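Let me begin by presenting the structure, written as C-alpha cells, before commenting on it.
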Amino acid sequence: MPYAGFLLLAIVVGGSALGVILVRNPIHAALLLTVNLAGVAALYLMLQAQFLALVQVIVYAGAIAVLFVFAIMVLIPGKEETGPDPLRGYRWLAVPLAGLLLLETLLVLRSSVLQSASVTAAPNPSGEPLYRLLLTDFLFPFEVTSVLLLTALVGVMALTKRKVS
Amino acid sequence: MVPESYYVALSAGLFVIGVLGVLIRRDPLVIFMSIELMLNAANLALVAFGHRHGSVDGQALALFVMAVAAAEVAVGLAIIVAIFQLRRRLSVDELSVMRG
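Protein chains in written order, with the working numbering: chain F, 1 to 165; chain V, 1001 to 1100.
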C-alpha cells in the first residue's frame, strides 16, 4: 500500500515537473509548479516530516506560487518564446547532457550511500523535535535566515520602486 | 515502508528535470520555476536522508533552504520585473549587459 501511494505521488510530481518545463504558457507552468510542490509536501508527509510538509504548503505552494502568478500578471508574457530561436541546435544538446547527468547521479547513489545497512532502527534517536533543534543547535542559522529575509525585503523594494519625479 | 533510496532517486530525477528546464527555456520566469524544482529536489533528498538516519537535522536544513529559496524568488522576480520595465522584452539570450 505505501508503494502504491509513493508510485502515484512520484507520477504526479514527475509529470508536473516535466509539464513545468514543457508547456508554453507560463501561467500553466506556474499552476503545474504548484501541483509539483504540493506533491512534494505529500512526500514529506510520507517521510514523517509533518512540520516541513505544512511549511512547504504555506511557503511554496502558497506564497511563492502567488508571487509567480503576480509576476506573470505584471509582465504579460507569452510572447517571448515565439520568435525564431538562434540557439536551437545548442538547446537540443541539453537533452542528452541532462540524461547523462541523471545517469551519473543514479550511479553515484547506487554505488555508495544507500547500499549500507539500514540504520532506521531507531527513529529520531536524540528525541529532539524539530522546533527545539531550531532554537538550540541551529539558532545561529535561524537568526541569519531572518536577517536574509529582511535584506531580501529591502532589496525588492529598492529594485522595484519607481523614481518619483 | 518505502525505502529511502526511492525518494532519493525521485529527487535525482526532479533535479535533472530542473536542470533541463534551465537549459532549454528562454523565458526567465520558467527558468526561475526550474530553479525552484531543483531546490525542491535537494530538499526531498535532505529529508529522505534524515529519515534514513532517524534524525531531524535534514529537516532543519531543508527548512533553511526553503527560507533562502523564498528570498531568492522575491529578489529574482523583482530583478525580472525591473528588466522588463526597462526594455519591454524578456529573453535571457538578449540580456548580455548588466548596466541599465
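C-beta: ideal position from N, C-alpha, C; glycine also.
The structure displayed is predicted, hence computed values, not measured ones.
- For the 9 Å CB-CB criterion, A61 of chain F and L37 of chain F form a contact.
- If the five residues before and after A41 of chain F are omitted, its C-beta is found closer than 6 Å to the C-beta atoms of A53, Q56 and V57, all from its own chain and listed in chain order.
- Against chain V, the CB of A63 of chain F has a partner CB under 9 Å away; the residue lies at that interface.
- When the five nearest sequence neighbours on each side are left out, the beta carbons in the same chain lying within less than 7 Å of the beta carbon of N1040 of chain V are those of L1014, in order along the chain.
- Considered as a whole, the segment 23-86 of chain F harbours 26-46, 50-55 and 65-75 as its complete alpha helix (DSSP H) runs of no fewer than 4 residues, in chain order.
- Taking the Cα of L135 of chain F as reference, the smallest distance to any Cα among V:D1093, V:D1057, V:L1010 and V:Q1085 is reached at V:D1057.
- In the structure shown, the three-state DSSP call for L135 of chain F is coil.
- When the beta-carbon positions are compared, A30 of chain F and L1029 of chain V come within less than 9 Å of each other.
- When Cβ pairs closer than 8 Å are counted between the two stretches, the segment 1019-1037 of chain V is seen to touch the segment 14-21 of chain F, the count reaching three or more.
- At the C-beta level, L1020 of chain V and S1011 of chain V stay beyond 9 Å of one another.
- Straight through space, the alpha carbons of G99 of chain F and L1046 of chain V are spaced by roughly 23 Å.
- Distance between R1087 of chain V and A71 of chain F, taken at the CA atoms: about 16 Å.
- Membership of V1022 of chain V in the alpha helix (DSSP H) is indicated by the continuous run E1004 to I1024.
- With respect to chain V, the C-beta atom of E143 of chain F has no partner C-beta closer than 9 Å.
- Contact between Y1007 of chain V and L109 of chain F is absent: CB atoms are separated by about 11 Å, not below the 8 Å threshold.
- Taking 9 Å as the CB threshold, A94 of chain F lines the interface with chain V.
- The beta carbon of I1080 of chain V lies closer than 8 Å to those of P1028, L1029, F1032 and L1090 in the same chain, with the five residues before and after it left out.
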